[in-house]
Amino acid sequence: GSNSDILANECAKGAKEAGHDVELLSLKGKDIKYCIGCLSCQRNGMCVLKDDVADIMAKVKDAEVIVYTTPVYYYEMCGQMKTLLDRLNPLYSTDYSFRDIYMIATAAENDESAFEKAYNGLQGWVDCFEKAS
Ligand SMILES: Cc1cc2nc3c(=O)[nH]c(=O)nc-3n(C[C@H](O)[C@H](O)[C@H](O)COP(=O)(O)O)c2cc1C
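Structure, rendered in structure tokens:
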């Protein structure tokens, strides 16, 4: 029932109505450990950490479009989302399907500048996946 939930649900509804296959994933209650920076994923394409990320990563890999939704926390994306982005590092060397990345963000402030750093944070992730924009 959060603002992010409402916006994500509306986006999913619109995409479904437009004929797309849509799956909504919430990070709420998910076990998402911090990346430990071992970079073993760059050698074997898998993460050594065992938690809920493997399932999420499989869905992200096969999606053509990804819409990340986050509340703005201290002018950045929320920590759960950043932790997930870090953990998606194994996808870097795979034949991932995603091409279009969107972000929906919600903040207390009306000024558009409240979203800039969160947007730039996600842009940094997108820049590393060259087939995506
Ligand atoms: C820890 C924390 C930090 C926040 N930082 C900001 C901020 O820097 N700028 C802002 O405009 N709103 C900030 N907010 C307000 C939330 O972004 C805003 O209420 C948002 O709509 C909450 O989304 P949600 O309902 O999906 O949780 C912050 C809220 C929390 C809890």
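If you count by the working numbering, then the sequence shown holds residues 415 to 547, one letter each, in order.
By construction, the Cβ of each residue, glycine as well, lies at the ideal position given by its N, Cα and C atoms.
Distances from the CA of W539 to each of Y448, G443, N503 were compared; the closest alpha carbon is that of N503. Within the chosen limit of 7 Å, ligand 1 reaches the beta carbon of T520 through at least one heavy atom. The beta carbons of V462 and C452 sit closer together than 8 Å. Taking C-alpha positions only, K496 is separated from Y482 by approximately 11 Å. Counting only the Cα atoms, A422 lies some 10 Å from S416.
Beta-carbon to beta-carbon, S440 and T520 are separated by about 15 Å, too far to satisfy the 8 Å threshold.
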